[in-house]
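K.L.:
Just so you know, we're using our numbering here: the sequence shown kicks off at 928 and counts up by one. We treat Cβ as the ideally placed atom computed from N, Cα and C, and that holds for glycine.
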Amino acid sequence: MATEIERKFLVRNDAWRNHADEGIFYRQGYLASAPGCSIRVRSGGGQGYLNLKSATLGVTRKEYEYEVPEQEANEMLDLFCEGPLIEKTRYNVEHAGHIWEVDVFAGDNDGLIVAEIELDDADEAFELPDWAGEEVSHDPRYYNVCLVTHPFKDW
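(1) Quick check on the DSSP output: what are the complete alpha helix (DSSP H) runs of length 4 or more inside the segment 944-1014, in order along the chain?
(2) Pick from 1079, 1044, 1071, 1055: whose alpha carbon is nearest that of residue 986?
(3) Please confirm if the segment 1022-1030 is in contact with the segment 975-984, defined as three or more CB-CB distances below 8 Å between the two stretches.
(4) Identify whether residue 1063 lies in helix, strand or coil by the three-state DSSP scheme.
(5) Excluding sequence positions up to five away, which residues of its chain have a Cβ less than 7 Å from the Cβ of residue 995?
(6) Excluding five sequence neighbours on each side, which residues of the same chain lie with their C-beta closer than 6 Å to the C-beta of residue 1026?
(7) Where does residue 1030 land, buried or exposed, given buried means 16+ other C-beta within 10 angstroms?
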């Protein structure tokens, strides 16, 4: 079983942009969300993905991800996912030997910027960049599945 170990942080300022790649715009939605898991479809950068993730609070979750044709992912988003869809541009930023993913949200979540780091172990040491602020790994409001039903604009 695949395991994702991810920590999330709010972003304090734009200093991360000095080291970011060009970014990829993504649309994503949820085919199903239940107490035990979510099933997500994502489209962007010429690719599509189906993702199944356990719905546990914290930094460690079970996750499976499968590539699908982008056209099919877009059809699933348009036909099967309730709105609003998550719209975001994801930037990769290298810092101290790790790749950080900085998500700049648009649409109903405009104004929200979150940085994520994936780790090999829940206790793995990493250096926090000066642009990373409060950790929100344990706050479900920042999970994408929750941003669909409770978007940032309504907080």
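P.N.:
Taking the geometry as given:
(1) Complete alpha helix (DSSP H) runs here, min 4: 997-1007.
(2) Here residue 986 corresponds to residue number 59 of the sequence shown, with the count starting at 1. The option with the nearest alpha carbon to residue 986 is 1044.
(3) Contact between the segment 1022-1030 and the segment 975-984 is absent, because fewer than three Cβ pairs lie under 8 Å.
(4) Within the sequence shown, residue 1063 is the residue found at index 136, counting from 1. DSSP places residue 1063 outside both helix and strand once states are collapsed to three, so it counts as coil.
(5) Translated into positions along the sequence shown, residue 995 becomes position 68. Once the five neighbours on either side are set aside, the close Cβ partners of residue 995 are 975, 976, 977.
(6) By one-based count along the sequence shown, residue 1026 stands at place 99. So the qualifying residues of the chain are 1019.
(7) In the sequence shown, the residue the question calls residue 1030 occupies position 103. Residue 1030 is buried by the Cβ-count criterion.
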